[in-house]
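For the record, the sequence lines run as chains V and D.
Just so we're aligned: the first sequence equals residues 5 to 187 in this note's numbering.
Just so we're aligned: the second sequence equals residues 86 to 312 in this note's numbering.
Idealized CB from N, CA, C, for every residue including glycine.
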Amino acid sequence: MATNEVVLALLRNGPAHGYDLKRDHDAWFPDSRPLAFGQVYATLGRLERGGLVEVVETRVEGGPERTVYALSECGEQQLSAWLAEPAGPAASSADEIVRKTVAALRTGVDPGELLARQRAAHLRRMRELTTHEAERDPAARLARDHLVAHLDADLRWLEVAVERVAAGHSHDHSHAALEEAMR
Amino acid sequence: MSHQPVLRVNAVDHAYRRTVALRGVSLTVGPGEVVAVTGPSGCGKSTLLHAAAGIIRPQAGEVRLLDQDLAALDEVERTKLRRRRVGMVLQFGQLVPDLSANENVALPLLLDGHERAAARTAAAEWLDRAGLDADHDTLPAELSGGQAQRVAVARALVTGPAVIFADEPTGSLDTIGGEQLLELLLGAARDRGAAVVLVTHDNVVAAHADREVRMRDGRVEAEAVLR
């Protein structure tokens, strides 16, 4: 799971402390396992040591001291690279694809190009699995069928994602046009 | 082998009454290349195939098929070009119901003036290659969906085409039947150096192509080299 990059994406929307990050993460991915507080602080420590986030403030608001973190320039670069790079197409890659796409949408990045690159990466992997010499051993063939079926499921999700993003754009445009007309 | 493209579609527009199907679509296919045209229902992929094969005349733009400007050919010339140098495979085979498997496959050769015996022999060879050696005299209604599609592929290949257009060729088949049909179609095309333009909504079929052209709302949305 790409927790480091997801935390960087959460910070792209503005400086935040650990509690905010945990709350926003769980709102972004309501069907995933909630992020544990321990994991948030361990991740922030790791990112700070790597120069990807920086402490901008320490607040005491009637409770425990809270450290506010912001994305550094280096962190912004790492996040942009992660959002542009398709996930390795494997049976277990679905979670990262969803995370990249949601993170892009939540931080105002159009995921269209990422989705197209991801589709190509998946099709290339599927091609490797389906077009080399026909596998005659049924057990080996079944294992490959399983991989292909998972890639196909990801590809179908990518198709739906493209449609939903396009529908979102068209909704935004018609909303903007309506507001313009009402002025 | 010539390296000239076998198909060049340039800025083609087409509409059915008020429904716009193609908006400035361009596509180039090289000799021996396998290109999958994909996209959601109604995105224009079948219309593009029909325009490329000269079955419909697009309202704007240019289609050059095997170095011929299709707009400059009349209906008879276009039919002759298709019959001699183009193979077509459609979703449900579109076999002639009153003709046997062998007669269906021999038909394009007979229409082109070949000797009956030679046409029947060539058809028999392609049916054998398609694994239908026991069904030469069977009528289409007595064939399974997979067998009928194999006859359609044999009919598309019998003239030795330079380009094959296939519209959802595995759409009516189960997974294993679809795999076998693709092996037959793409294997024979590869052996002959024929290009294939394959319209499909099936990702596994698309993954067999050298290149994917993804369409959406009558436009080419993305292209990806898969090889």
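Residue i - DSSP class collapsed to helix/strand/coil
i: Arg142(D); result: coil
i: Gly115(D); result: coil
i: Leu217(D); result: coil
i: Arg168(V); result: helix
i: Asp114(V); result: coil
i: Asn288(D); result: helix
i: Thr223(D); result: coil
i: Arg312(D); result: coil
i: Asn17(V); result: coil
i: Leu228(D); result: coil
i: Leu92(D); result: strand
i: Arg240(D); result: helix
i: Leu119(V); result: helix
i: Leu283(D); result: strand
i: Gly22(V); result: helix
Own chain, CB closer than 6 angstroms to residue i, minus 5 neighbours either side, in chain order
i: Glu80(V); result: none
i: Ala6(V); result: Glu100 and Arg103
Member of the options whose CA lies at the smallest distance from the CA of residue i
i: Cys78(V); options: Val113(V), Arg16(V) and Arg110(V); result: Arg16(V)
i: Ala165(V); options: Ser84(V), Asp28(V), Met130(V) and Arg103(V); result: Arg103(V)
i: Ala120(V); options: Tyr73(V), Glu58(V), Leu87(V) and Phe33(V); result: Leu87(V)
i: Arg102(D); options: Pro116(D), Gly109(D) and Gln144(D); result: Gln144(D)
i: Glu167(V); options: Ala202(D), Arg301(D), Gly231(D) and Asn95(D); result: Arg301(D)
i: Asp35(V); options: Thr111(V), Val106(V), Leu151(V) and Gly112(V); result: Val106(V)
i: Leu269(D); options: His286(D), Asp287(D) and Ile249(D); result: Ile249(D)
i: Ala157(D); options: Gly117(D), Val174(D), Ala274(D) and Gly139(D); result: Gly139(D)
i: Ser185(D); options: Val171(D), Ala208(D), Leu196(D) and Asp197(D); result: Ala208(D)
i: Gly172(V); options: Gly54(V), Gly112(V) and Ala20(V); result: Gly112(V)
Own chain, CB closer than 7 angstroms to residue i, minus 5 neighbours either side, in chain order
i: Ile101(V); result: Ala91, Gln122 and Asp158
i: Arg108(D); result: Asp98, Gly303 and Arg304
i: Thr47(V); result: Thr7, Asn8 and Val11
i: Trp32(V); result: Val106 and Arg110
Chain-order list of residues whose beta-carbon lies under 8 angstroms from that of residue i (same chain, five-residue window excluded)
i: Gln43(V); result: Thr7
Can you list, in chain order, the stretches of the beta strand (DSSP E) that have 3 or more residues and sit fully within the segment 139 to 215 of chain D?
Listed in chain order, they are 145 to 150 and 171 to 174.
Runs of beta strand (DSSP E) lying entirely within the segment 27 to 80 of chain V, each at least 3 residues, in chain order
57 to 64 and 69 to 75
Interface positions of the segment 208 to 219 of chain D facing chain V (Cβ-Cβ less than 7 angstroms), listed along the chain:
none
Contact list for the segment 129 to 142 of chain D against chain V, Cβ threshold 8 angstroms
none
Contact residues within the segment 74 to 105 of chain V, judged by C-beta distance below 7 angstroms to chain D
none
Any residues in the segment 150 to 171 of chain V with a beta carbon nearer than 8 angstroms to a beta carbon of chain D? Which ones, in chain order?
Answer set for the segment 150 to 171 of chain V: Val152, Leu155, Asp156, Leu159, Arg160, Glu163, Val166, Glu167 and Ala170.
Output, in sequence order along the chain, the residues in the segment 273 to 293 of chain D whose CB is closer than 7 angstroms to any CB in chain V.
Asn288, Val289, Ala291, Ala292 and His293
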